[in-house]
Amino acid sequence: MKSPTNRERTEICAMERNTGSQLNICCLIAFFIFLAVSSSPTSAQVEMLKPIELPSWFQYPNGIAQTPDGALLIGSVVSGQILKIDSDGKKRFAIDDPSVFAGTTLKYDRGSGRLWGASPDFLGVEQPDGSNKRRAHRIFARDIETGAVDIVMLVPDGGFANDIAVGENGSLFITDTSIPRILTLPPDANRLSVLIADNQLASNGSGINGIGAAGIAVAGDGHTLLVGVLGSGTIFAVESTEAGHSRLRRLELQRPIENPDGFVVASNGDLLLVESGIVSGNGKLTRIVDPLSRGPRPVETLAENLDVPVNLMIDMADPSLIYVTESGLGHRFTESRRSDAPPERFYVRRYRIK
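Going by this note's numbering, the first residue of the sequence shown is number -1, and it counts up by one from there.
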């Protein structure tokens, strides 16, 4: 027998007018069932798999990509080291290059055979006088076979490259967290240019709530971009006008998003993202159903209680398998997790969407 929907429960309540108490109790039950279904993880749709424990020398994972033979490549918030995980174990992907000091995103471009990444200077370099100086933020490319760095481009105007999406033709789209804009690098171009600059990509809060554009992905139609503003929780579609310009359209969502960071689009067009949950301490793996459609989009919590998740990836060979990098940065930014010491170990979480 089919169970009644929340709406049907409410209609049943309306028919029970014999006593006011029965009506109130029934409606309250229906309301709380609705809240529980809307906010709790859809555990029946997701299987939590054994996480990948990272080596003790590798801290604060962020960017994640996959080589053509299935090996995982993990970048770090605080180091240019890239960890390679394959059937032979866990090891450094390549010799460290001093021109790269972070890997907040890693994206493999099959057309060029390059691994693209963003390298903002999160820690900076201590100066002789005790002050801290940050190096110019940049993007880079490594040869996917050798790991050698063959391209380094500084972000113009002192911007902060955060995340990267690779278009169908090999174009790059880069979020700038400190300047409200999206940068682009067309194929064979030798410098970054501005795709769109719009103050809606900024966040007017302070601290974490003031961080701007972060996650970005190419939507299922192959040309629209989806971008999130970490501080405000706003998500936009970047659409093209008839005149060939770019414009932002704010997505309507059925619940607020807390600190959207890494984005990836599933084969059916749904948007998978991580909510860093920096203030609450409750990081999530989240799905937005059919994000390009009009009207309030359903938001599903697939997993929660993560320690500042920052990025994610869909497995090339098995699209039901999702990898999430858990940065472990809560001890620095989240009051409920605050500690002088970092986590003893760091993890890549794994989930199977049924």
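All C-beta atoms, glycine included, are put in the ideal place defined by N, C-alpha and C.
Margin query: By DSSP's criteria, Trp114 is part of a beta bridge. Which residues make up the other side?
Written below: Lys105 and Ala139
Next item on the list: Determine which residues share a DSSP beta bridge with Phe171 and list them.
Entry: Ala163 and Thr182
Next item on the list: Find the nearest neighbour of Ala264 within the set Gln43, Met311, Ala301 and Gly128, judged by alpha-carbon distance.
Entry: Nearest option by C-alpha distance: Met311.
Check: How would you call Leu47, buried or exposed, if buried means at least 16 neighbouring beta carbons within 10 angstroms?
Finding: exposed
Note to self: Using only CA atoms, which one of Leu283, Ser334, Gly293 and Asp288 lies nearest to Lys346?
What the structure shows: This sequence places Val at residue 346; Lys is not what is there. Here the closest residue by C-alpha is Leu283.
Notebook entry, point to check: With respect to the alpha helix (DSSP H) encompassing Gly328, which residues constitute its N-terminal and C-terminal limits?
Noted result: Counted as a single uninterrupted DSSP element, the alpha helix (DSSP H) harbouring Gly328 occupies residues Gly328 to Phe331.
Item checked: Contiguous alpha helix (DSSP H) assignments of at least 4 residues, all confined to the stretch 238 to 296 -> none
Check: Would you call the stretch 49 to 63 and the stretch 101 to 119 touching, i.e. three or more CB-CB distances under 8 angstroms?
Finding: yes
Notebook entry, point to check: Do you know how far the Cα of Ile276 is from the Cα of Glu333?
Noted result: 9 angstroms
Margin query: Can you tell me whether Val123 is buried or exposed? The criterion is at least 16 other CB atoms within 10 Å of its CB, across all chains shown.
Written below: Residue environment: Val123 is assigned as exposed (fewer than 16 neighbouring CB atoms within 10 Å of its CB, all protein chains considered).
Next item on the list: Work out the CA separation of Pro49 and Ile320 for me, nearest whole Å.
Entry: 11 angstroms
Checklist line | According to DSSP, residues forming a beta bridge with Asp84 | finding: Asp84 is bridged to Gly87.
Item checked: Sequence-distant residues of the same chain with beta carbon closer than 7 angstroms to Arg175, five excluded per side -> Checking the sequence shown, residue 175 turns out to be Thr, not Arg. Excluding positions up to five away in sequence, the list reads Phe158, Asn160, Ile209, Gly210, Ala211 and Ala212.
Check: Just how far apart, CA to CA, sit Ile206 and Glu256?
Finding: 11 angstroms
Next item on the list: Would you kindly work out how many angstroms separate the C-alpha atoms of Ser77 and Phe99, rounded to a whole number?
Entry: Distance between the alpha carbons of Ser77 and Phe99: 5 angstroms.
Next item on the list: Apply the 10 Å Cβ neighbour rule to His243 and answer buried if 16 or more other Cβ atoms are within range, or exposed otherwise.
Entry: That one is exposed.
Checklist line | Where Arg350 sits in the DSSP three-state scheme | finding: strand
Notebook entry, point to check: beta strand (DSSP E) containing Gln64: first to last residue?
Noted result: Pro59 to Gln64
Item checked: Chain-order list of residues whose beta-carbon lies under 7 angstroms from that of Arg335 (same chain, five-residue window excluded) -> Excluding positions up to five away in sequence, the list reads Gly279, Asp305, Gly328 and His329.
Next item on the list: Give the DSSP-derived three-state secondary structure of Ser334 in the structure shown.
Entry: In this structure, Ser334 counts as helix in the three-state DSSP scheme.
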